[in-house]
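First comes the structure, then the notes that go with it.
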Amino acid sequence: MIPVATPWFFYVLAGLAVASGLAVITRRNAVHSALALIVTLLSVAGLYLMLYAPFVAGVQIIVYAGGIMVLFLFVIMLVNIDRAAKERQFNRMWPVGLVAAGTLFALFLSAFLKGKGLFPDRMMRLAEASNTQEIANMLYGEAGRMGQYTFAFEIASLLLLVAILGAVIMTKKKI
Amino acid sequence: MLNSFMSYLGSTVTPGEAGNQFWALIYVLIIFTGVSVAVICMNWLERKALAHFQVRLGPMRVGPHGLLQPIADALKLMLKEDIIPAEADQFVFWIAPLIGLLAAFTVYTVIPFGPSQAVSDMNIGILFMLGVSSLGVLGIVVAGWASNSHYPLIGALRSSAQMVSYEVAMGLAVVSAILMTSMNASGTGTLSMIGIVQAQQQQGVWFIFKFFPLGFIAFAIFAIAMVAETNRAPFDLAEAESELTAGFHTEYSGLRWSLFMLAEYAAMIAVSSIAVTLWLGGWMRPFPNLLHAPAWDFIFSLFPGITFGGLAAIAFIGTARMPSHSFFKIQRIGLAVFAALLGFLALLLLVIAVAGHSADASLAARFREGIDYVYWFVLKVAVFMYLFIWYRATWPRYRFDQLMKIGWKVMLPISIGVLMLTAIWALVEPPLWEWMRAHI
Amino acid sequence: MVPITTLHYLVVAAALFVLGVIGVLTRRNVVIVLMSIELILNAVNLNLVAFSRMWGNLNGQVFAIFIVVDAAAEAAVGLGILIAFFRNKETINVDEIDLLKW
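Residue numbers (the working numbering), protein chains in the order written: chain A, 1 to 175; chain B, 1001 to 1440; chain C, 2001 to 2102.
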């Protein structure tokens, strides 16, 4: 496939992701924050598509935007109290938090700029058509051998089971 | 620009693959118009079919046999006053129908009407479809919350809980169909929609008949789950008028409500297209292997013309049966014109079928092939649409706890069982054939 | 225009990470703190996938999938804790959730 207009798409998606990330942390209304987070997740999925990772993009849309955000919206509706919307939104120590985060960002940028020579100039092009097949080979194994991540895959499913049980037990009114 | 126009004609890949933005835009516009027209026709068909199921006539006044009723409905909805509840969240109230519409219409980018007639054949087509249709739940949740009223909130919570429950069974049924695509010679399956239909073509069997009865059970699970997914009867507790005063779209009036209806019908057509692509062979004509002589090809290619000719004949008979009173003069003329248009279309399709009946790559043959692909696909989807209306007319509504019980306790175990059995059969079958070939 | 390199993606990921950190440190609404944590996880995912593209290796993408799974489990448990807490004390303000035992 011939990619078209790549820099333009990158700047649009990246700008949208950062702008809606800003909206997530500044909105007073929790539902507005959740909607902004959905926009962030979808634009990050678009960035994954640009990075030749279609399967991760699909998983992101299905699990994150279609599952976790629905969960968030349900909980926001359940615990929605009007008192919270009229209170002070930010911590009393918000300048300290802002300065700390700013320092962190400066640290990141200086690390990237100093190590600019470590990143090769031309990024390799991953084969896009067989992406799902290769991820499946890593997760499930091929030709009779176990894959590189089969054990981790099984542990992840166990983790999900434990999380489901934990969430159900914690939210039951009577155990 | 003319270069990008001409360079795509005669190519055998979708515009997305070819990187041709102009034709991709044209396809998007065609699909958008087609879906809107289909929703309008669905509206008319639903009212007429429900009426006839209930031994009454339905709309008869607005056009001949109510054919212009959807246009009158659309005009009425557009001219209604746009009421927003006082305490409602303005921005979220405005954006909720748009989210639902976005989710419903984005699915159409991957739906294949033919081997190269799709907007873009993504490699993860079916994954994209599952993900984007799960974004529709968000529109409903947000719509119910933004209305700031009890009935919409309960309706939205129930509706979204139902959609999320049946999504799981739907996804597992889809996975078991994808498993069947890997039964071809090279041993690798595919997630792309065009690849799934081509896998059915290569294996010579529609997936609904493969590994009988597993393919059929998977198809049945998807068919039931898709009715629940689009909040249609018998799973429409969340939006039925007698139950919850129209559920999550109670507070929406006029154009906003029509956007919700548009999103619902578009989602119905989208999931029916998915079912047709995955199990019913997509654009392939019936019996592609059993009856594969060129004579049968020719007979099946006459079907589009014959269908429209039949519709034109029905319209002509309707014109003849109208009372010959002066009150009905305009309706008779209107119906006669409509019948003449249908007849002209039928004649055009028959001419194309006859002119392009040879298998070479001439323009008429390519036209004929394209029309045949689109026709069989749309016919199968239309059967599903009629089934949706039939379900609504016939079956009583499920209570909400019965609905959730079915979703989690019946559909999910059956779909997991079908998936496991399909996987076992798919693993066992090739060595079994080898053993049988060696020993028998 | 300058061609898009890995560095561009890393800067975007760093920006999202820092926005998430600001959200966790400064907001008082528990749900928004949890959403900021999701922002942080997404930033890490973007980083992993960008590096996976740079080295032509799929390990980064598989790790990203595992992180998405992990984030789902964590969101479910975190929101469960929130609901259980909300039943006892009618507040979603992190400053008021400060008793070890009552």
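A virtual CB, placed ideally from N, CA and C, is assigned to each residue, including glycine.
query	result
Beta-carbon within less than 6 angstroms of S1258(B)'s beta-carbon, same chain only, minus the 5 sequence neighbours each way: which residues are those?	L1077
So what does DSSP say about R88(A), is it helix, strand or coil?	coil
Per DSSP, R2027(C) forms a beta bridge with which residues?	F90(A)
Could you name the residues of chain C that I61(A) contacts, counting a contact when the two beta carbons are closer than 8 angstroms?	Per Cβ cutoff of 8 angstroms: no residues; I61(A) is ~10 angstroms from chain C at best.
For a contact meaning CB atoms closer than 7 angstroms, what does Q89(A) contact in chain B?	Going along chain B, no residue has its Cβ under 7 angstroms from Q89(A), so there is no contact; the nearest lies around 17 angstroms.
List, in chain order, every chain A residue whose beta-carbon is nearer than 7 angstroms to that of V2069(C).	A156 and L160
When Cβ atoms are compared, which residues of the segment 1118-1140 of chain B fall closer than 8 angstroms to chain A?	M1122, N1123, I1124, L1127, F1128, L1130, G1131, V1132, S1134, L1135, V1137 and L1138
Measuring only between beta-carbons, confirm whether V2031(C) sits less than 7 angstroms from chain A.	yes
Which first and last residues belong to the alpha helix (DSSP H) in which Q1385(B) is found?	According to the sequence as given, residue 1385(B) is Met; it is not Gln. Here the alpha helix (DSSP H) through M1385(B) covers L1363 to T1394.
Just how far apart, CA to CA, sit R1437(B) and M1420(B)?	26 angstroms
Just the C-alpha distance for L22(A) and L2019(C), rounded to the nearest angstrom, thanks.	7 angstroms
Does the beta carbon of M50(A) come closer than 7 angstroms to any beta carbon on chain B?	no
Is any heavy atom in the ligand NAP found nearer than 6 angstroms to the beta carbon of F1400(B)?	Here there are no bound small molecules, and the ligand NAP is not part of this structure.
Short of 6 angstroms in beta carbon distance, which residues of its chain neighbour S2036(C), apart from the five on each side in sequence? Order them along the chain.	G2020, G2023 and V2024
To the nearest angstrom, how far is it from the Cα of F1287(B) to the Cα of A2043(C)?	51 angstroms
My output table needs one value for N2047(C): the three-state DSSP class, helix, strand or coil.	helix
Return the chain-ordered list of same chain residues with a C-beta closer than 6 angstroms to the C-beta of L1031(B), the five sequence neighbours on each side being excluded.	Checking the displayed sequence, the identity of residue 1031(B) turns out to be Ile instead of Leu. Excluding positions up to five away in sequence, the list reads Y1108.
Check the Cβ of V1164(B) against every Cβ in chain A and list those closer than 7 angstroms, keeping chain order.	V70
Just the C-alpha distance for N2057(C) and A1346(B), rounded to the nearest angstrom, thanks.	56 angstroms
Does the beta carbon of A30(A) sit closer than 7 angstroms to a beta carbon anywhere in chain B?	no
Counting contacts by CB-CB distance shorter than 7 angstroms, is L1412(B) in contact with chain A?	no
Let me know the secondary structure DSSP gives N2088(C) once reduced to three states.	helix
Whole angstroms is fine: what's the gap from V1410(B)'s alpha carbon to A1233(B)'s?	18 angstroms
Looking only at its chain, what residues have a beta carbon closer than 7 angstroms to the beta carbon of R1332(B), apart from the 5 residues adjacent to it on each side?	T1319 and M1322
Among A1355(B), L1127(B) and L1067(B), which residue has its Cα nearest to the Cα of G66(A)?	L1127(B)
If you reduce the DSSP assignment to three classes, tell me which class N131(A) lands in.	helix
Closer than 8 angstroms between beta carbons: that is the criterion. Which residues of the segment 2038-2066 of chain C meet it against chain A?	E2038, L2039, N2042, N2045, L2046, V2049, A2050, S2052, R2053, M2054, W2055, G2056, L2058, N2059, Q2061, V2062, A2064, I2065 and F2066
Locate the alpha helix (DSSP H) running through H1052(B), then write down its first and last residues.	Q1021 to F1053
Give a yes or no on whether 7 angstroms exceeds the smallest Cβ distance from E134(A) to chain C.	yes
Could you check the C-alpha separation between V18(A) and L1025(B) for me, to the nearest Å?	28 angstroms
So for N137(A), helix, strand or coil by DSSP?	helix
So E1081(B) is in the alpha helix (DSSP H); what residue range does that whole segment cover?	Careful: E1081(B) lies outside any alpha helix (DSSP H) and carries neither H nor E.
Run through DSSP, which three-state label would N2093(C) get?	strand
What is the DSSP secondary structure of H1065(B), counted as helix, strand or coil?	helix
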